[in-house]
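In the UniProt record's numbering, the protein residues as written are 1 to 551.
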């Protein structure tokens, strides 16, 4: 049988008696096929192509017709009842469409097809470049072995916003900070969808639910969160970030919670506020105010703390020269710039709460100037929230976001700037001539993907197309790619674990030969060492694991 179904019906009669009935449904087909082979191979592989034919008959003759690369093969078969494995006669050495047709008495009983791909032996790497396109023909100049070629607009504010959205979703994640930073863009992507019943919406909904579940699993006692490896009552800032990200996801999906559900966030803050940096305090109360939690008294306390701080001698140092990729929230929250951003953000919160500040006006003006003149996107975002802005200023801040910056600051900037994007008219890249297929991005944008044969040489548009800057992305083998010289050394060493005298104790023996014992335990150690002074945001290692391996 193809499929089997159980149908349960429940009902209630006029007398109020309830009951249920069950029925079973099975779909049958006398002859049908299923592939039994991979669809992706390395160049040089010689696939042993084959399929299964399932038959409800016994000793019945059939004809199997297969087509690949313009060649047709016909096999006459006698099937036994049940599953029959059939080897195909095709010599498959290149990418292409493999189709099979099962005939009996001149009638087609079943037909299937699949696309087979041959990829280069070496590891593929992602490459990209910007190209200015205009009407007519535009040269692409891609390498001969380029694959997975994608094209999307890159300079419009909407595309900058969506590209940052997708970069946040696709980045490495796992801890509280990055999981929360992933929920924010996913929530923004969900809100931007016009149809919440589409396949793309289902994918985003599932991703939101999965990340909410992961966030819950990371919580400690009392629904509080802590930094990796730390114990205790949890960190108030980290706890607030997790609850705020969960609130954003709940709002996006329409999940309602009682107000006291979110009280854990303020309880943790009230206990630790006196020992928190001013920037962390301001951020927590900004999230609480957005969540409509009672925080006026806490706001007054923060304002008084800023007033007591006033200005210090180090505040009047030379202009801020920190790297744009440095994290203000995670690295230097207690710096003069961090305190200045906290001051400006608190002014905005007090204004929304209709409260007056006790901070001296000259101190507020100094803080505003220091934040506005810095090179930090978070500082510029806070200034924009305080004084108001437009789409042009928003696009300038978004252009300053990079993948090397911390995920929490990028997610916050994206979330706070999203409202300004609604006022901007959309710019759509028209369809290029040729075999380009449109695809949707997680963030609601779109891109064009090459589905034709080979590598395209040119991009053709109508003469009416105005000049546009687009981003071309592709994959190519690492051995032919012009890799950027990232100053990182990669070292790999395989050790054999030699059991010691005590239980679960081992000594490491470096493996220097090619001999591997399937009954022994091994440790594969991979070390990334940075050769530069600047801190790299993360290192990602892609390593195939053998069966039974663990990280």
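Where is the CB? At the ideal position from N, CA and C, for every residue including glycine.
Segment contact: the stretch 201-208 against the stretch 243-261, three or more CB-CB distances shorter than 8 Å; contact assigned. Contact between residue 470 and residue 133 holds, since their C-beta atoms are separated by about 5 Å, short of 8 Å. If you compare the alpha carbons of 76, 71 and 215 with that of residue 64, the shortest gap goes to 76.
With 16 or more other Cβ atoms from the protein chains shown falling within 10 Å of its own Cβ, residue 182 counts as buried. Taking 7 Å as the cut-off, the Cβ atoms of residue 307 and residue 359 count as close. By a beta-carbon distance limit of 8 Å, residue 114 contacts residue 39. Their separation comes to about 6 Å. The beta carbons of residue 145 and residue 477 sit about 6 Å from each other, so the pair counts as a contact at 8 Å.
The beta carbons of residue 405 and residue 325 sit about 5 Å from each other, so the pair counts as a contact at 8 Å. Residue 343 holds the alpha-carbon nearest to the alpha-carbon of residue 286 among 272, 337 and 343. By the beta-carbon neighbour count (other beta carbons within 10 angstroms, threshold 16), residue 91 is exposed. Counting C-beta pairs with one atom in each stretch, the stretch 97-112 and the stretch 427-438 have fewer than three that are closer than 8 Å, which means they do not touch.
Under DSSP, no beta-bridge partner is assigned to residue 205.
Per DSSP, residue 373 has no beta bridge partner at all. Residue environment analysis places residue 447 among the buried positions, since at least 16 neighbouring C-beta atoms fall within 10 angstroms of its C-beta.
Collapsing the DSSP output to three states places residue 66 in a strand.
Judged by DSSP secondary structure, residue 347 falls outside any beta strand (DSSP E) and instead within the alpha helix (DSSP H) spanning 336-352.
The DSSP assignment places complete alpha helix (DSSP H) segments of no fewer than 4 residues inside the stretch 98-174 at 157-170, in order along the chain. Closest option to residue 519, judged by alpha-carbon separation, among 294, 94, 498 and 545: 498. With fewer than 16 neighbouring CB atoms inside 10 Å of its own CB, residue 545 falls in the exposed class. Under the 10 Å beta carbon count, residue 331 is surrounded by fewer than 16 other beta carbons and is classified as exposed.
Out of 56, 58, 43 and 35, the CA that lies nearest to the CA of residue 50 is found in 35.
Within the same chain, Cβ atoms closer than 6 Å to the Cβ of residue 152 are found at 447 and 471, the five residues on either side in sequence being excluded. Within its own chain, the residues whose Cβ lies closer than 6 Å to the Cβ of residue 179, once the five positions on either side in sequence are excluded, are 173, 211, 214 and 215, listed in chain order.
A residue is called buried once 16 or more other Cβ atoms fall within 10 Å of its Cβ, and residue 12, having fewer, is exposed. Here residue 469 is bridged, per DSSP, to 132. Approximately 18 Å separates the beta-carbon atoms of residue 384 and residue 338; this is outside 8 Å, ruling out the contact. Going by DSSP, residue 524 is part of the beta strand (DSSP E) stretching over 521-530. In the structure shown, the three-state DSSP call for residue 219 is coil. For the 7 Å CB-CB criterion, residue 378 and residue 346 do not form a contact. Using a C-beta cut-off of 8 Å, the stretch 364-379 makes contact with the stretch 395-412, since at least three inter-stretch Cβ pairs fall below that distance. The criterion of a C-beta distance shorter than 7 Å is not satisfied by residue 366 and residue 394. Counted as a single uninterrupted DSSP element, the alpha helix (DSSP H) harbouring residue 421 occupies residues 407-421.
Using a 10 angstroms sphere on the CB of residue 88, the tally of other CB atoms reaches 16 or more, which defines it as buried.
Per the coordinates, the alpha-carbon of residue 167 lies some 29 Å from the alpha-carbon of residue 549.
Straight-line spacing of the CA atoms in residue 452 and residue 148 works out to 11 Å.
Under a 10 Å Cβ-count criterion, residue 247 is classified as buried, with 16 or more other Cβ atoms of the shown protein chains found around its own Cβ.
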